[in-house]
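Structure first, then comments.
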Amino acid sequence: MGGVRARVGGKKRLFLYFAFGSYLSTSQNNLATMDPARESPIHTAVELQGAMLGRHDEELTAARHAVETLAAQLTDLSLQVHQFRTNPPVPSRSSEAPEPRINNPPCYAGEPTQCRSFITQCEVVFSLQPTTYSRERARVAYVISLLTGRAREWGTAAWEADVDFITRFDSFKEEMIRVFDRSAHGEEPSRILSSLRQGRGTVVDYSIEFCTLSTTCGWNEPALVARFLEGLNANVKDEVIARELPTRLDPLIELAIRIEKRFDLRRRTRGLDSASQSPMSAVSSSFPSNSEPEPMQLGGLRISAKERERRLINRLCMYCGAPNHYVSACPEEPGDLIGVPEEYHDLRAVFSRSRATSLPPHRPYDCGIDLLPGTTPPRGRLYSLSAPERDALEKYLSESLNAGTIVASSSPAGAGFFFVKKKDGSLGPCIDYRGLNDITIKNRYPLPLMSSAFELLQGAKVFTKLDLGQ
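Position one of the sequence shown corresponds to residue 81 (our numbering), numbered consecutively onward.
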């Protein structure tokens, strides 16, 4: 038994309901006996439904074939990708630009500190010629061909034995570094860098070694700046600190190099100036011209340059001009020998108060006070003075102006002046030159060892102390 319900109208779809499976066969037998007017809608609906089912079946079949075709194409594409990864195709040299021709790096003989640099040079060749050395084994063979000495023996043995690391360059590189490399790496560069000094080398040499170690030590920028500055020589360091200190390493290195070049140029210029003077010109340069009297002469005397030269040639006394004696034994300059032991009477000129209160003459080797570039002398500071100190100051200025040791000046620069009480109760003048010393280029010389100085006193029994005055 079965039944069919159908509804067709407007935009509503046709709904069919099949029951008990055998409806079609039963309805076909009954259609012949039904009224043609009543069977027309049912028949039309059945035909439409059958046509729709047929089209759906065809579309499903076509979709199934398309999916199967797409799956086959994906499988073929996967196989091609796998083959391309395992065996990459070698590009045609005719279609690409020619690779640059470069020289081979120097051969490596197994030096412990040059292993990494040699491998890096080989990798540079591989990067510039990727087509020539596209195979891993070709790269290994190229490196082995540049080995000499004990390194060649090791590479030859590994190649003949066909060990595992021969097939890949990265594995060969790791094994070669493990066997030969003993360069500074890891914590060792930090230890070397912490004690690195410029020494007798130039700033350029010091900076190159410093930058080489700093690339592997892992220090930050402020630490590198502080360490580089600490390792500089004292003269260059003082000049750098006097200026605005850079916060980065590269500007600091450039500044130190410029300062050292300036020092070298200054030394060469002074050497040329001193070499250009003959002995006679050096002697005559210590004398002032005839138009002006010499302002600084032993004993405060003013003699002309011609008279001084005459006394030198004739070996006359430079103080009184008499023959047969020198200034040290001049009877005209007895000196103040009161309280001086007889053993020192032959040095009477040393105890002359007139000479002690005058300045020595100008000479070719006069020492200058060189200031740091870009600096100016300080203005100094004022110190409060008591009434006794003001009296001592007036006395000191009067005596120094009369002796010629100081002159009046209108310069804006100056230094503080104060007094310090001595052991005998008198006031000793002190001038505060600390501001000037801070901007002065230091002339440093090695001092004798204390042990060597005390060796000279071995066996001595009497020690004396002399107060030579100001």
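By construction, the Cβ of each residue, glycine as well, lies at the ideal position given by its N, Cα and C atoms.
Quiz item: Do the region 305-313 and the region 273-288 touch if we need at least three Cβ pairs shorter than 8 Å?
Solution: Segments in contact, yes.
**Report entry** Alpha-carbon spacing of Val161 relative to Pro210, whole angstroms
**Finding:** Reading the sequence shown from its first residue, position 81 is the one you call residue 161. Reading the sequence shown from its first residue, position 130 is the one you call residue 210. Their Cα atoms are separated by approximately 22 Å.
Using the Cα positions of Gly89 and Ile122, report the straight-line distance between them to the nearest angstrom.
Within the sequence shown, numbered from 1, the residue matching residue 89 stands at position 9. Within the sequence shown, numbered from 1, the residue matching residue 122 stands at position 42. Note that Gly89 scores 42 on pLDDT, short of 50, meaning its location in the model is unreliable; the coordinates nonetheless yield the value given after this. If you take the alpha carbons of Gly89 and Ile122, they lie about 13 Å apart.
Give the C-beta separation of Ala231 and Phe260 to the nearest angstrom, bearing in mind that I take them to be a contact with Cβ-Cβ under 8 Å. Stepping through the sequence shown from its first residue, residue 231 is reached at position 151. Stepping through the sequence shown from its first residue, residue 260 is reached at position 180. So it is a contact: roughly 7 Å between Cβ atoms.
Cutoff 8 Å; reference Cys510; Cβ partners in own chain excluding five residues on either side
Position 430 of the sequence shown holds residue 510. For Cys510, where only same-chain residues beyond five positions count, the Cβ hits under 8 Å are Phe497, Phe498, Phe499, Val500.
field: Delimiting residues of the beta strand (DSSP E) encompassing Pro509
entry: If you number the sequence shown from 1, residue 509 lands on position 429. Annotation for Pro509: the continuous beta strand (DSSP E) segment containing it runs 507-512.
- Classify Arg87 as buried or exposed, calling it buried when 16 or more other Cβ atoms lie within 10 Å of its own Cβ. By 1-based counting over the sequence shown, the position of residue 87 is 7. Because Arg87 carries a pLDDT of 42, less than 50, the predicted location of this residue cannot be relied on, and the following value inherits that uncertainty. So Arg87 counts as exposed.
Notebook entry, point to check: Is Tyr525 buried or exposed, if buried means 16 or more other CB atoms sit within 10 Å of its CB?
Noted result: Here residue 525 corresponds to residue number 445 of the sequence shown, with the count starting at 1. Classification of Tyr525: exposed, given that the 10 Å Cβ count is below 16.
### Task
Would you please state the rounded distance, in angstroms, between the beta carbons of Ser274 and Arg307? I believe it to be under 8 Å.
Position 194 of the sequence shown, counted from the first residue, corresponds to residue 274. Position 227 of the sequence shown, counted from the first residue, corresponds to residue 307. Between Ser274 and Arg307 the beta-carbon gap is near 7 Å, inside 8 Å, which marks them as a contact.
Q.
Just list the residues that DSSP pairs Lys501 with in beta bridges.
A. Walking along the sequence shown from the start, residue 501 turns up at place 421. According to DSSP, which records beta bridges pairwise, Lys501 is partnered with Leu507.
- Query: Could you check where the alpha helix (DSSP H) with Ser251 kicks off and where it finishes?
  - Reply: The count along the sequence shown starts at 1 and reaches residue 251 at position 171. Unbroken alpha helix (DSSP H) run through Ser251: 249-260.
Burial state of Ala99, where buried means 16 or more other Cβ atoms lie within 10 Å | Taking the sequence shown and counting its residues from 1, the one referred to as residue 99 is at position 19. Its pLDDT being 38, under 50, Ala99 is placed unreliably by the model, and the measurement read from it follows with that caveat. Ala99 is exposed by the Cβ-count criterion.
**Prompt:** Which ranges would you report for the alpha helix (DSSP H) in the region 206-248 if only whole runs of at least 4 residues count?
**Reply:** Taking only runs of at least 4 residues, the alpha helix (DSSP H) segments lying wholly in the region 206-248 are 216-225, 229-241.
Exercise for review: Measure from the alpha carbon of Arg346 to the alpha carbon of each residue in Leu452, Lys386, Thr166, then state which is nearest.
Suggested key: Here residue 346 refers to the residue found at position 266 when the sequence shown is read from its first residue. Out of Leu452, Lys386, Thr166, Leu452 has the C-alpha closest to the C-alpha of Arg346.
Measuring only the C-alpha atoms, how far is Glu233 from Trp299? Against the sequence shown, residue 233 aligns to sequence position 153. Against the sequence shown, residue 299 aligns to sequence position 219. Cα-Cα distance, rounded: 39 Å.
May I ask you to report which of helix, strand or coil DSSP gives Thr485?
In the sequence shown, counting from the first residue as 1, residue 485 sits at position 405. In this structure, Thr485 counts as coil in the three-state DSSP scheme.
Looking only at C-alpha atoms, which of Leu516, Pro457, Asp504 sits nearest to Pro492?
To locate residue 492, count along the sequence shown from 1; it is residue 412. Answer by Cα proximity: Pro457.
C-alpha distance - Tyr513 paired with Thr193, whole-angstrom precision:
Start at 1 with the first residue of the sequence shown, and residue 513 comes out as number 433. Start at 1 with the first residue of the sequence shown, and residue 193 comes out as number 113. One C-alpha to the other measures close to 52 Å.
How would you call Leu157, buried or exposed, if buried means at least 16 neighbouring beta carbons within 10 angstroms?
Stepping through the sequence shown from its first residue, residue 157 is reached at position 77. Under this definition Leu157 is an exposed residue.
Query raised in the report: By how many angstroms is the C-alpha of Val243 removed from the C-alpha of Cys202?
Result: For this step, residue 202 is matched to residue 122 along the sequence shown. For this step, residue 243 is matched to residue 163 along the sequence shown. Between Cys202 and Val243, the C-alpha separation is close to 21 Å.
Margin query: Taking only three categories from DSSP, how would you classify Tyr463?
Written below: Residue mapping note: residue 463 aligns to position 383 of the sequence shown, counting from 1. Tyr463 carries a coil assignment under DSSP once its states are collapsed to helix, strand and coil.
Give me the DSSP bridge partner(s) of Gly496. Here residue 496 refers to the residue found at position 416 when the sequence shown is read from its first residue. Paired residues: Asp512.
**Asked** For the putative contact between Thr544 and Ile449, defined by C-beta atoms under 8 Å, what is the C-beta separation to the nearest angstrom?
**Response** Position 464 of the sequence shown holds residue 544. Position 369 of the sequence shown holds residue 449. Beta-carbon to beta-carbon, Thr544 and Ile449 are separated by about 34 Å, too far to satisfy the 8 Å threshold.
I need the straight-line Cα distance from Asp504 to Ala467, nearest angstrom please. Residue 504 sits at position 424 when you count from the first residue of the sequence shown. Residue 467 sits at position 387 when you count from the first residue of the sequence shown. In this model, Asp504 and Ala467 are separated by some 19 Å (Cα to Cα).
Take the Cβ of Ser60 as the centre, count every other Cβ of all protein chains shown within 10 Å, and call the residue buried at 16 or more, exposed below.
This structure does not reach residue 60, given that the chain is present from 81 up to 550, and the question cannot be answered.
* Asked: Looking at Cys195 and Ile246, is the spacing between their C-beta atoms short of 9 Å?
  -> In the sequence shown, residue 246 corresponds to position 166, counting from 1. In the sequence shown, residue 195 corresponds to position 115, counting from 1. No. Outside cutoff.
Item to complete: Quick one: using the 10 Å Cβ neighbour count with 16 as the cut-off for buried, is Pro269 buried or exposed?
Response: Taking the first residue of the sequence shown as 1, we reach residue 269 at position 189. Its Cβ being crowded by 16 or more others within 10 Å, Pro269 is buried.
Inset, instruction - Keeping to the same chain, check which residues put their C-beta closer than 7 Å to that of Gly508; ignore five residues upstream and five downstream. - result: Here residue 508 is taken as the residue at index 428 of the sequence shown, counted from 1. Here the set comprises Phe499, Val500, Lys502.
For chain C, is any of its Cβ atoms less than 9 Å away from the one on Leu465? No chain C appears in the structure shown, which is made up of a single protein chain.
When the Cα atoms are used, what is the spatial distance from Ala143 to Thr166? Here the question's residue 143 lines up with position 63 in the sequence shown. Here the question's residue 166 lines up with position 86 in the sequence shown. Cα-Cα distance, rounded: 35 Å.
The alpha helix (DSSP H) enclosing Ser274, as first and last residue numbers
By one-based count along the sequence shown, residue 274 stands at place 194. Looking at the DSSP string, the run of the alpha helix (DSSP H) that includes Ser274 is 268-274.
Exercise. Ignore the nearest five residues each way along the sequence and tell me which others in Arg277's own chain have a CB closer than 6 Å to its CB.
Key: In the sequence shown, residue 277 corresponds to position 197, counting from 1. Excluding residues within five positions, the ones whose Cβ falls inside 6 Å are Gly311.
Should Val223 go down as buried or exposed, given a rule of 16 or more other Cβ atoms within 10 Å for buried?
Here residue 223 corresponds to residue number 143 of the sequence shown, with the count starting at 1. Counting every other CB atom within 10 Å of its CB across the protein chains shown gives Val223 a total of 16 or more, marking it as buried.
With H, G and I counted as helix, E and B as strand and the rest as coil, what does DSSP make of Leu312?
For this step, residue 312 is matched to residue 232 along the sequence shown. Coil, per DSSP.
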